[in-house]
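As structure tokens, the structure follows; a few thoughts come after it.
There are 6 protein chains.
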Amino acid sequence: MENKVNIPWEDRPAGCKEVVWRSSQNPIIDRYHIPTSNSIFNSAVVRYGDGFAGVFRCDNRSVQMNIFAGRSADGINWEIDENPIEWKCGNTTMIDSTYKYDPRCTWIEDRYWITWCNGYKGQPTIGIGYTFDFKEFYQCENAFLPFNRNGVLFPEKINGKYAMMSRPSDSGHTPFGDIYVSYSPDMKYWGEHRHIMGPTPFPLSAWQCTKIGAGTVPFLTDEGWLMFYHGVITTCNGFRYAMGAAILDRDDPSKVLYRTQPYLLGPAAPYELVGDVPNVVFPCASLQEGDKVCIYYGAADTHVCMAFGYISEIIDFVKKNNCAGK
Amino acid sequence: MENKVNIPWEDRPAGCKEVVWRSSQNPIIDRYHIPTSNSIFNSAVVRYGDGFAGVFRCDNRSVQMNIFAGRSADGINWEIDENPIEWKCGNTTMIDSTYKYDPRCTWIEDRYWITWCNGYKGQPTIGIGYTFDFKEFYQCENAFLPFNRNGVLFPEKINGKYAMMSRPSDSGHTPFGDIYVSYSPDMKYWGEHRHIMGPTPFPLSAWQCTKIGAGTVPFLTDEGWLMFYHGVITTCNGFRYAMGAAILDRDDPSKVLYRTQPYLLGPAAPYELVGDVPNVVFPCASLQEGDKVCIYYGAADTHVCMAFGYISEIIDFVKKNNCAGK
Amino acid sequence: MENKVNIPWEDRPAGCKEVVWRSSQNPIIDRYHIPTSNSIFNSAVVRYGDGFAGVFRCDNRSVQMNIFAGRSADGINWEIDENPIEWKCGNTTMIDSTYKYDPRCTWIEDRYWITWCNGYKGQPTIGIGYTFDFKEFYQCENAFLPFNRNGVLFPEKINGKYAMMSRPSDSGHTPFGDIYVSYSPDMKYWGEHRHIMGPTPFPLSAWQCTKIGAGTVPFLTDEGWLMFYHGVITTCNGFRYAMGAAILDRDDPSKVLYRTQPYLLGPAAPYELVGDVPNVVFPCASLQEGDKVCIYYGAADTHVCMAFGYISEIIDFVKKNNCAGK
Amino acid sequence: MENKVNIPWEDRPAGCKEVVWRSSQNPIIDRYHIPTSNSIFNSAVVRYGDGFAGVFRCDNRSVQMNIFAGRSADGINWEIDENPIEWKCGNTTMIDSTYKYDPRCTWIEDRYWITWCNGYKGQPTIGIGYTFDFKEFYQCENAFLPFNRNGVLFPEKINGKYAMMSRPSDSGHTPFGDIYVSYSPDMKYWGEHRHIMGPTPFPLSAWQCTKIGAGTVPFLTDEGWLMFYHGVITTCNGFRYAMGAAILDRDDPSKVLYRTQPYLLGPAAPYELVGDVPNVVFPCASLQEGDKVCIYYGAADTHVCMAFGYISEIIDFVKKNNCAGK
Amino acid sequence: MENKVNIPWEDRPAGCKEVVWRSSQNPIIDRYHIPTSNSIFNSAVVRYGDGFAGVFRCDNRSVQMNIFAGRSADGINWEIDENPIEWKCGNTTMIDSTYKYDPRCTWIEDRYWITWCNGYKGQPTIGIGYTFDFKEFYQCENAFLPFNRNGVLFPEKINGKYAMMSRPSDSGHTPFGDIYVSYSPDMKYWGEHRHIMGPTPFPLSAWQCTKIGAGTVPFLTDEGWLMFYHGVITTCNGFRYAMGAAILDRDDPSKVLYRTQPYLLGPAAPYELVGDVPNVVFPCASLQEGDKVCIYYGAADTHVCMAFGYISEIIDFVKKNNCAGK
Amino acid sequence: MENKVNIPWEDRPAGCKEVVWRSSQNPIIDRYHIPTSNSIFNSAVVRYGDGFAGVFRCDNRSVQMNIFAGRSADGINWEIDENPIEWKCGNTTMIDSTYKYDPRCTWIEDRYWITWCNGYKGQPTIGIGYTFDFKEFYQCENAFLPFNRNGVLFPEKINGKYAMMSRPSDSGHTPFGDIYVSYSPDMKYWGEHRHIMGPTPFPLSAWQCTKIGAGTVPFLTDEGWLMFYHGVITTCNGFRYAMGAAILDRDDPSKVLYRTQPYLLGPAAPYELVGDVPNVVFPCASLQEGDKVCIYYGAADTHVCMAFGYISEIIDFVKKNNCAGK
């Protein structure tokens with residue numbers, strides 16, 4: 002169950018007029034944070050116990066992708082396990098996994114559910130697992146057929162069913178991508194797949210015109226589900242990832258109520274512009290405390306960073322700069 | 002319920018040593034068989050009433066893809082409706098469909114189930130519907146998220162669940178493709194996705210080295226499920242589709258017991274070599290009668306053809322020319 | 002000036018329900034019609050003198066592209082010069098041309114104007130020339146910057162200016178293409194470029210969803226300018242070219258009044274399905290006589306063919322099957 | 002009319018042996034210079050009034066591209082309007098524009114003419130406009146059909162006609178590109194298109210072997226028109242843009258008298274190597290004062306920079322390092 | 002040793018004005034000539050014993066590529082072994098071969114040497130073998146590193162060394178390709194690699210503008226080595242292969258004395274236009290008898306065909322239609 | 002002959018746990034080290050005379066690639082000639098070279114042998130030369146046919162023959178690549194080509210899953226030949242080059258005894274992450290002294306850097322982290 006510990010926070014810097022601002026301690030987790038890592042990024046953080054727990058994407062120096070558990074008292078200084086998570090059987094006996102990356106994590110009812118991009122027979126789809134204590138982990142049936150990435154669960158059932166966003170993909174560096182929502186009565190069989198939103202038609206909002214993908218676990222606000230997501234533009238030198246926000250209908254999240262036309266956070270700091278993959282801001286988790294939100298994002302596919310904002314201001318911004326339906 | 006009417010049949014021609022041979026009446030359905038059609042191919046045929054019923058892919062002259070019902074006393078001479086099938090709501094109120102193509106059809110328990118490639122928001126996935134009488138048709142929830150093609154149901158439940166093969170794809174002329182099986186307790190939610198088989202590693206069997214896809218509805222034999230499928234090679238002038246066969250385990254069809262290394266039928270007749278897409282043999286349906294099988298296949302993405310064989314000989318051939326596991 | 006000679010004509014064959022039907026003499030000009038030719042196709046025909054004159058694309062056996070003059074009494078049996086057209090200076094001293102192909106021809110006021118795809122410094126743009134007698138030919142300034150193809154003049158001035166359709170392209174086998182109209186006071190300087198129409202959004206009319214290009218010189222009807230054009234779809238084995246028709250506003254041809262959703266003529270005859278480039282129907286010229294129209298089209302980038310129809314029926318068809326604005 | 006105000010200038014740094022050197026104040030305009038901007042780069046500067054005026058490409062945080070007016074007393078410290086330029090009708094009633102980017106600006110006879118890459122129906126071509134006072138702006142007919150970029154006017158008529166350089170392109174991140182010149186009697190109709198120069202044959206000068214494009218408005222010297230242009234090489238990680246110079250014949254600028262084999266300025270400073278598009282130096286404007294020249298260039302598609310040089314030294318360098326005609 | 006048996010021959014058909022004409026018996030070997038074959042094409046023929054021997058590319062129905070020995074009394078009616086050639090060790094113990102295709106064969110000094118495209122670790126290079134009797138075959142070291150295809154030996158040593166032409170390639174359907182010659186003192190180590198000729202610069206001779214490859218074993222004439230080779234053009238629907246001829250310097254075959262600008266034989270017969278790969282004419286062997294030459298070529302990657310000509314006329318044609326050095 | 006001068010060395014920094022660590026003086030040679038250079042990287046260093054000699058890749062400001070001789074007393078501070086090496090004829094009269102890059106150098110028996118990527122007719126292959134004194138240089142026959150890169154000689158004969166590693170390539174930024182070894186009795190004719198190793202199957206070791214290439218001249222250890230090589234991964238923003246090590250069998254170097262699964266040195270320092278080609282570590286030479294090794298590598302295709310390690314530790318690491326044969 003989620004606690005009431007204070008989330009990491011820094012006030013808006015003097016002179017800053019941004020709705021979302023960076024932590025002065027960025028990157029809070031460096032690429033070599035554990036002995037075997039080549040890079041640590043695109044990771045999940047939740048409240049747990051007296052502090053926080055996390056599931057971290059640590060690519061090792063063979064550049065094999067796996068996910069690792071970690072713990073922190075303050076959400077800033079992290080102890081990450083030196084070995085990847087070991088999995089027991091959840092609702093399946095089949096826990097084949099060629100690789101794991103880009104985890105998300107959320108509490109639903111009685112446990113923490115984790116989703117990630119799971120390599121089944123080497124093809125990417127959405128892996129599901131759960132833990133009660135971040136010590137023992139149980140792997141379930143993959144949610145979907147390949148090819149899929151960026152599976153993100155809603156933190157409570159909707160109309161009595163589990164709900165998950167995902168982004169159908171192809172087998173490579175997919176140059177397209179829409180966000181869908183799917184439902185399950187039991188975390189094993191999935192259906193009722195509905196389209197939420199896709200890339201924007203050029204030139205409405207070019208930073209998200211190539212593909213988009215769900216980012217952080219959405220949380221409920223008076224306006225509906227607030228989610229931070231990533232959008233991608235294709236420059237002559239490759240992909241550039243930035244972060245926006247969307248507000249989805251509480252009861253039918255396939256209805257997009259509002260969606261940012263401008264990005265909220267784009268690659269501009271040195272640690273976002275330079276790294277294993279230059280020009281990447283990739284949100285994967287957020288913590289809320291009253292009107293405050295702390296967003297965890299991967300930077301340049303290399304390190305973990307934080308950004309802050311006021312939820313009410315973000316909602317205002319999304320509504321004023323809405324491009325949904327345009 | 003399926004009848005006992007004689008299936009279309011021609012004896013093996015004198016001098017022919019092939020395991021599978023073409024009908025002398027090919028193509029049995031020409032591209033302009035109905036007034037609006039540009040091409041009729043990749044279609045489904047089942048026993049029905051006193052004869053046969055079918056679901057036909059007829060692309061019209063706007064080259065819009067849709068599926069049409071048809072009836073035949075002998076399985077050779079077909080009356081195809083001039084208008085595409087109209088759908089009522091089955092287990093869903095959402096029957097959005099940008100296009101429909103490549104139908105398959107099979108009787109399960111109490112009705113005929115139809116699957117096809119369904120354009121949801123313009124993205125290809127597997128559509129599901131049913132009919133009791135080939136007059137009224139009911140559309141259900143799409144089985145999977147895009148991108149998917151070649152959804153083929155097993156003709157009976159396996160371990161108490163519906164089972165469907167499909168081929169995860171991308172958004173274009175997909176240059177890869179494996180066959181998976183998925184299960185559903187209710188034809189609405191799907192899971193337990195398992196890999197069946199993929200393209201062959203070069204140069205084991207190059208006609209199926211680019212991608213493969215399920216073809217005809219499998220039928221039970223003493224050896225297991227016998228299915229005709231298509232395999233694709235990429236020549237310097239594009240894709241070439243040929244037909245092979247596989248035998249899958251009765252209780253766990255993700256186990257491939259045998260699979261043809263050589264093709265059973267490759268493009269060689271003029272109507273297979275020339276047409277809207279040259280060099281295509283694409284099996285979608287079969288009828289059995291004792292040891293005889295009649296295979297319906299699309300030729301050159303233009304017309305419908307038939308081929309014949311003896312099931313026992315085909316099983317022999319698949320076992321002797323097995324490449325599964327190699 | 003254009004004469005009143007009877008155009009080539011064959012009545013609609015018994016049983017045929019098509020709006021446009023093929024000549025029984027197709028292909029009327031074979032690939033080896035002149036000693037040096039590899040192929041003759043995509044050519045222009047006009048009334049001239051006591052019969053007809055033409056400008057023919059003859060690729061020679063080095064597969065160099067050039068255009069040749071020809072004459073015919075009946076429009077069917079053609080004498081084509083063995084040497085390509087030699088050009089004198091028209092409104093320019095610069096008549097550089099790396100290659101010439103896909104000519105169109107029309108009488109305007111006092112002379113026959115010819116347009117073609119002209120290789121300037123090896124880059125394709127629209128060449129312009131004129132002749133009074135099909136013996137002496139004068140080359141003018143290229144109309145546009147590269148890259149451009151399918152330049153087709155209107156047969157009279159519109160609002161006092163010459164008007165030309167064209168299709169901006171890229172440097173290769175362009176996978177996109179819209180039809181524009183541009184204006185010139187003097188056949189030397191061009192401007193006022195306006196978009197007419199582009200490929201159709203999938204799946205409205207897939208035969209024309211990759212690119213389209215102006216085809217025959219438009220002619221005036223009570224409904225506006227009637228033009229036959231080509232549309233292209235990309236199959237897994239390459240491009241397929243079919244023919245449609247559009248009716249453009251008399252005074253402002255950038256306004257598309259009607260446009261065929263189904264094609265009028267698609268590759269289906271052997272000489273259209275097989276050749277140097279399979280599956281091509283490419284209209285370049287038409288002759289009218291009362292309600293009759295004879296369309297000249299290139300088939301399979303290999304030979305010249307003819308098709309026939311009644312103008313009133315074609316107008317009816319275009320209006321009933323209109324997809325403009327959808 | 003242009004004034005005599007001193008241009009921005011810094012002497013060559015001690016120890017520097019370069020012909021062109023960077024400003025120590027680079028980048029002089031940062032990406033977030035105005036509240037809505039994501040990046041400000043590839044912009045035009047001219048003398049105006051008591052100082053300087055400019056037209057700036059500011060992509061906003063929706064990454065929509067538009068151009069903005071700005072004013073400066075010293076050419077270094079700029080006030081840029083917070084809203085993009087609003088246009089009135091010049092020689093056309095059609096001022097459709099999906100987007101605007103990469104402006105250039107020059108005084109001709111009685112007004113300032115501005116050119117830019119203009120999105121007509123979403124397809125890039127060359128937009129033209131003028132202003133007398135940088136307060137009211139008038140948009141004219143697009144110069145050319147799509148696809149085109151980098152339109153740069155000569156600052157005076159040549160042989161009585163307006164002259165513009167441009168680079169015919171394709172619909173994406175064009176991997177080819179030559180510089181052409183076109184002429185117009187009236188800024189409305191354009192013709193007499195002539196090839197100036199293309200990418201260099203490998204390995205003559207590899208920094209400009211993929212494509213080139215006109216950069217700054219040329220100015221007259223004793224040797225002819227001196228222009229700074231950009232050249233592009235394709236590395237395994239994308240495009241790299243550097244700056245060279247060319248001298249064109251005064252009366253017939255399609256004659257290239259000299260052209261730099263080595264680049265004059267290549268990406269090497271941190272603000273050129275890192276940004277939204279790494280490794281870009283993109284010159285768009287220059288100011289002259291006696292023998293001094295100040296070049297404005299976009300860096301990394303992110304900010305505006307300046308470089309300096311002596312015109313006489315640059316001419317010497319171009320002549321000594323000439324690769325024209327090789 | 003080569004015999005004096007009459008080669009296959011048909012006189013030039015009445016009315017035919019071609020320098021090279023097709024056999025009326027084409028295709029002389031059909032795709033299903035042996036029980037396991039999918040296609041038989043691109044094969045080598047030499048005089049042997051009382052008639053002829055051959056090495057045939059027979060792709061089986063698994064579309065595995067291998068080479069088979071065959072014998073014929075007349076060069077037209079062939080008995081081809083049902084099993085591929087088995088190899089003993091020649092000058093190597095390493096006879097790994099993933100696949101074999103496109104053989105050529107020639108007598109040098111004391112034995113028949115065979116070259117082919119050999120899959121070493123699945124990567125194409127040039128395999129070498131020899132036989133004295135077409136019963137026992139010995140495989141030698143591969144001549145070159147991958148990636149290479151179309152290795153063709155000269156039929157005698159040049160300057161005391163073996164000489165082989167080849168076409169360096171890439172790992173797929175290579176879109177480029179030049180002919181080189183390399184030398185060896187011992188058929189084991191190769192060096193002194195020299196460029197012979199490459200594709201023609203567009204638009205000199207477009208049928209050979211994408212790539213070219215050595216075809217038949219060259220034979221000495223008074224003018225030098227006469228070789229038939231293939232050239233390829235890329236149409237919007239893929240590659241098209243045609244046949245030309247070149248005359249190389251007797252002592253230094255890297256010197257091209259003459260080379261056909263027009264092709265000698267292009268795909269135009271139905272069996273060349275239609276098949277597994279449409280539009281392919283691919284010469285691999287020739288037989289000479291006085292002034293007569295019989296050329297064996299693969300058609301449409303499906304069957305084996307023959308064409309005829311007079312050597313003196315071909316030499317005349319090559320000299321008159323020379324494009325070498327242009 | 003090689004001397005006993007101390008190699009450049011820095012002890013492992015305090016706290017560093019890496020097997021290989023960077024020089025604190027990196028980059029030791031900057032991009033503008035000589036007046037004409039755009040970049041200096043991927044260069045060879047050997048012991049010579051009283052110190053060291055080197056062959057350097059210096060791309061000039063025309064971005065022409067050539068190699069230059071240099072000398073240094075300490076291996077850190079280098080004097081590089083301002084003009085590229087001039088070549089006399091070695092074992093050939095043909096020393097055509099369009100460009101030269103990525104040199105390697107080693108002493109064998111009586112002289113220093115140099116190999117590089119040599120542009121023959123503009124196509125990359127392996128050039129060979131030698132020098133006795135780094136003043137006079139002699140060019141030999143190219144080792145192989147194009148397309149090849151990364152030719153690296155063994156520093157002594159193996160089984161009486163010269164041995165060279167190389168990486169067969171294609172004509173562009175090759176997206177594949179294996180390391181081969183070839184043998185020569187005389188440095189002129191080459192054969193007995195054997196595959197050493199290729200990219201790793203995903204996801205065994207993703208940093209080397211696109212292509213690999215030989216790096217430094219191997220040196221003998223008790224375990225066999227120790228070589229540093231580069232491996233490449235394809236990110237969504239291009240190639241990333243890192244460094245690993247392999248140990249090859251002393252007598253048959255095609256046998257890979259051990260090979261690093263993790264990289265030894267990946268791009269992480271600013272000068273490796275940013276430059277003309279971001280994210281490149283490319284080893285080309287090493288110096289040994291007892292258990293110490295100094296590795297020279299190119300960084301970001303821009304400058305020359307050094308790294309250090311203990312040979313015994315590296316061998317340990319390679320053996321413990323072996324992925325050969327997996």
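Chain order of the listed sequences is A, B, C, D, E and F.
The working numbering puts the first residue of the first sequence at 2, with every later residue one more than the last.
The working numbering puts the first residue of the second sequence at 2, with every later residue one more than the last.
The working numbering puts the first residue of the third sequence at 2, with every later residue one more than the last.
The working numbering puts the first residue of the fourth sequence at 2, with every later residue one more than the last.
The working numbering puts the first residue of the fifth sequence at 2, with every later residue one more than the last.
The working numbering puts the first residue of the sixth sequence at 2, with every later residue one more than the last.
Note that CB positions come from ideal geometry on N, CA and C, so glycine has one too.
- Listed along the chain, the chain C residues whose CB falls inside 7 Å of the CB of Glu314(D) amount to none; the nearest CB is some 33 Å away.
- When the beta-carbon positions are compared, Pro28(E) and His304(E) come within less than 7 Å of each other.
- Interface annotation, Glu290(B): not in contact with chain A, CB-CB separation never under 7 Å.
- The beta-carbon distance between Tyr100(B) and Gln124(B), rounded to whole angstroms, is 10 Å. This is too long to meet the 8 Å contact definition.
- Around the beta carbon of Gly152(E), a 10 Å sphere encloses 16 or more other beta carbons of the protein chains shown; the residue is thus reported as buried.
- Asn323(E) and Pro263(E) have their C-alpha atoms roughly 9 Å apart.
- The beta-carbon separation of Asn119(F) and Asn143(F), rounded to 6 Å, stays under the 8 Å limit for a contact.
- Within the model, the alpha-carbon separation for Glu83(C) versus Asn67(C) is close to 11 Å.
- Taking each of Pro169(D), Ile41(D) and Leu249(D) in turn and checking the Cα distance to Ile127(D), the smallest one comes out for Pro169(D).
- With the rule of 3 Cβ pairs closer than 8 Å, the stretch 308-319 of chain D does not count as touching the stretch 37-44 of chain E.
- Taking CB atoms only, Thr107(F) has no neighbour in chain A less than 7 Å away.
- In the three-state DSSP reduction, Ala247(B) falls in the strand class (E or B).
- If you compare the alpha carbons of Val218(B), Trp226(B), Thr175(B) and Ile234(B) with that of Pro204(B), the shortest gap goes to Ile234(B).
- Closer than 9 Å at the C-beta level to chain D, one finds these residues of the stretch 55-72 of chain F: Asp60, Asn61, Arg62, Ser63, Val64, Gln65 and Met66.
- Rounded to the nearest whole angstrom, the CA to CA distance from Pro9(B) to Gly326(C) is 47 Å.
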